[in-house]
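Below you'll find the structure, written out as structure tokens, and then a few comments.
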Amino acid sequence: MRDVDKHIDLCKLHRNLRETKNDVRYKITNVCFSTNRVIYKIKIKHKMLTTALFVAVATTALFLLCIYIHRKTASLPGPWNLPILGCLHKLDTKLPYLTLTELAQKYGPIYSIKLGLLEAVVISDAKLLKKILVKDEALGRPPMYVFSGVFKGKGIAYAPMHLWRDQRKFVSNFLRTSGAAKFSSKKKTLENIIKKYVEEFMELLNSQGEKTNLNPSEAIGNYVISVASTMFLGKSFNRGDKIRKTLLDSYDKVTKLLAVGGPINFLPFLRFLPQYKHTISSLTKYVEDVHHIQNQCIEMAEKCSSNNSEDEYLNLIEAFFQQKLKCDSEEIYNTEQLQFLLFDVFGASIETTSNTLFWILLYLAKYQNVQNKVRNELNNVLQNKSLQMEDLQNLPYTHATISEVSRIRTVVPLGFPHYALEDIQIENFKIPKGSMILSLLWAIHMDQKFWKNPEEFSPDRFLDDEGRFLQLEAFLPFQTGKRMCVGEELGKMMMFLFVATVVKNFKIEACNSGDVDFSPICGLTLLPKPQELVFIKI
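Per the numbering used here: the sequence shown = residues -12 to 525.
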């Protein structure tokens, strides 16, 4: 302001002396005035130039940052990303896999996208995905706050590679020795355990009379968690057991909270906001509730672990302590690791198997012609003999129906995320080190290159011209690669024995004149909306 005041004063003096142009003072002030006017204009222009320069530099920096973000995965196509947010603002918050599928249609089977602070590469082609996920460089898990913070990088699902290798081998051996493998000598033992809890579901339906209206969600959950508890905790449940209900409720709440807290994985600073602080606090509480129940079983098993022989049927806890004695590795075989390992295997069973079974019942209720074909096949093949797991190979239409539901309602539409530990060169593309790799299983199961009319429900697509079951390369319900679901065989057994038993004995119908709601709820998995079905005794 001082420069402006001086300039105004000089202007006034110049006007007063203007009438006496021969006066020497006028001439001096005229020179001073002209000089001052030039200086004043230069200063004004300098300030404007400084402001303009700052804006230009900031804009250029922002532009270059966008260029850097976009070009970091230079060999991959993909949408432009905003700083910090990336493309999070573009995702459908309820059904994000649909947005990613639309982007795949635009950018192709492999593209890059930034989700918050995480660089991601999305794969929507089955052949390409198989080539990538068999590579050791793709075996990592991304640094997501919820899983590294709340779950501490323990367990098996989100464990770092060195821990995962050991625990996968351990769990695979346990499942094989306990019957959950194609050629296990203990398969009959496990089969009988599963059939015991299928029978519990049947008793529930029979207790209601000839016709039962039921939302089967909780009853299916009880079936799945009972099998899992027997195998993994060494604890069986009776109907109405409060511990079973506590476990089921806790897992349900954890699943919902993980979905609510999802943004924290991509924008970790959100955890400092009150609503997300509450989410993390609640999540930790329910995880601890599950651990409390597990710990009772762990304490009992630890006392008697040395009394069991290696060829004896074991639950997972006892097998864990036997392995601890053999390898003497406290770094891996400790109580905290066991807690999160149990949490993972339970969660995988409840979330995937339970939801798939509910979807199967919904589709059978809607498509009565398919249900009748399944029942006729079961009656023709089984006649009066008891159902066995080995019967599946003689029941291709039943197998095809279970598979078609698993395809059209992919319960894990984005698979489990992988992480590039090194640069990965695949065909003409390079996946940069540090990228999260998303398996877009939904898009793969809806790919028109592999599936004719993919939106239609048609079990026949899994059968050849002679009615034999087809193993299709684009069908990946358990994902693919070295980190694919370790419990695939257990899941198949639980689904087949349940579906075949229920359909053989009950006709399933929808309430409300055949109206079934197929619109999904997307959390960690794709689950059906709560609704009742009608079970009519045959």
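Ideal placement from N, C-alpha and C gives every residue a C-beta, glycine not left out.
Inter-residue Cα distance where the pair is residue i and residue j
i, j, result
"K519", "P203", "Inspection of the sequence shows that residue 519 is occupied by Glu rather than by Lys. Straight-line Cα distance between these residues: approximately 7 Å."
"M148", "Q154", "10 Å"
"L513", "R396", "7 Å"
"N440", "E205", "33 Å"
"T488", "E476", "18 Å"
"K232", "R455", "41 Å"
"Q358", "I413", "43 Å"
"H279", "E197", "40 Å"
"C472", "T340", "12 Å"
"S445", "V399", "20 Å"
"K491", "N499", "23 Å"
"L450", "K313", "47 Å"
"K271", "I285", "In the sequence under discussion, the amino acid at residue 271 is Thr, which differs from the Lys named in the question. Rounded to the nearest angstrom, the two C-alpha atoms are 20 Å apart."
"I230", "Q283", "11 Å"
"P70", "L374", "58 Å"
Proximal residues to residue i (C-beta, below 6 Å), its chain only, five neighbours per side dropped
i, result
"K420", "A407, E409 and D410"
"L325", "F307"
"F437", "A461"
"K8", "The predicted position of K8 is uncertain, since its pLDDT is 46 and thus under 50; no value can be drawn from it."
"S171", "R163"
"K360", "Y384"
"T217", "I180 and S223"
"S237", "Y273, D276 and V277"
"V392", "W346, I347 and Y350"
"K59", "Caution is warranted here: a pLDDT of 49 is assigned to K59, below 50, making its placement in the model unreliable, and the coordinate value is therefore given only provisionally. Excluding residues within five positions, none has a Cβ falling inside 6 Å."
"K183", "none"
Contact set for residue i: own chain, Cβ-Cβ below 8 Å, skip 5 residues either direction
i, result
"L63", "I97, Y98, S99, V108, F416, K417 and I418"
"V368", "D378, N381 and L382"
"L115", "P96, I97, I413 and E414"
"K516", "D504, S506, P507 and I508"
"E323", "K139 and K141"
"K173", "T164, S165, G166 and Y300"
"L235", "E205, G208, N209, I212 and I337"
"A91", "Y98, V109, S111, L427 and A430"
Beta-ladder partner(s) of residue i, from DSSP
i, result
"Y98", "V109"
"F456", "L450"
"K494", "I523"
"G127", "Y406"
"P507", "P515"
"K198", "I523"
"S426", "I110"
"Q412", "K417"
Exposure label - residue i; buried when at least 16 CB within 10 Å
i, result
"W67", "exposed"
"E74", "The question names Glu, yet the displayed sequence has Cys at residue 74. Buried, since its Cβ has 16 or more Cβ neighbours within 10 Å."
"F327", "buried"
"N321", "exposed"
"K175", "exposed"
"F188", "buried"
"F259", "exposed"
"H265", "exposed"
"D112", "buried"
"S426", "buried"
"L51", "Low confidence applies here, because L51 scores a pLDDT of 48, under 50, leaving its location unreliable; read the following figure in that light. By the 10 Å Cβ count, L51 comes out exposed."
"H386", "buried"
"P464", "buried"
Close beta carbons around residue i, own chain, < 7 Å, minus the five adjacent residues each side
i, result
"M131", "N252"
"I389", "I347, M482, F483 and V486"
"K494", "I523 and I525"
"Q370", "none"
"A168", "L162 and E476"
"T467", "L116, K117 and L120"
"L511", "T242, L245, A246 and E338"
"P129", "L105, P404, Y406 and M423"
Under the three-state DSSP convention, the category residue i falls into
i, result
"I71", "coil"
"V521", "strand"
"T261", "In the sequence on display, residue 261 carries Pro and not Thr. Correct three-state label for P261: helix."
"F462", "coil"
"I285", "helix"
"F256", "helix"
"F219", "helix"
"Q324", "helix"
"F437", "coil"
"L36", "Confidence in L36 is poor, its pLDDT being 46 and thus under 50, which makes the residue's placement unreliable; the coordinate value appears in the next sentence. DSSP places L36 in helix when its eight states are reduced to three."
"N499", "helix"
"P66", "coil"
"E377", "helix"
"D236", "helix"
"F444", "coil"
Proximity test, Cβ basis, 9 Å: residue i and chain B
i, result
"K222", "Judged by its chain identifiers, the structure shown contains no chain B, having just a single protein chain."
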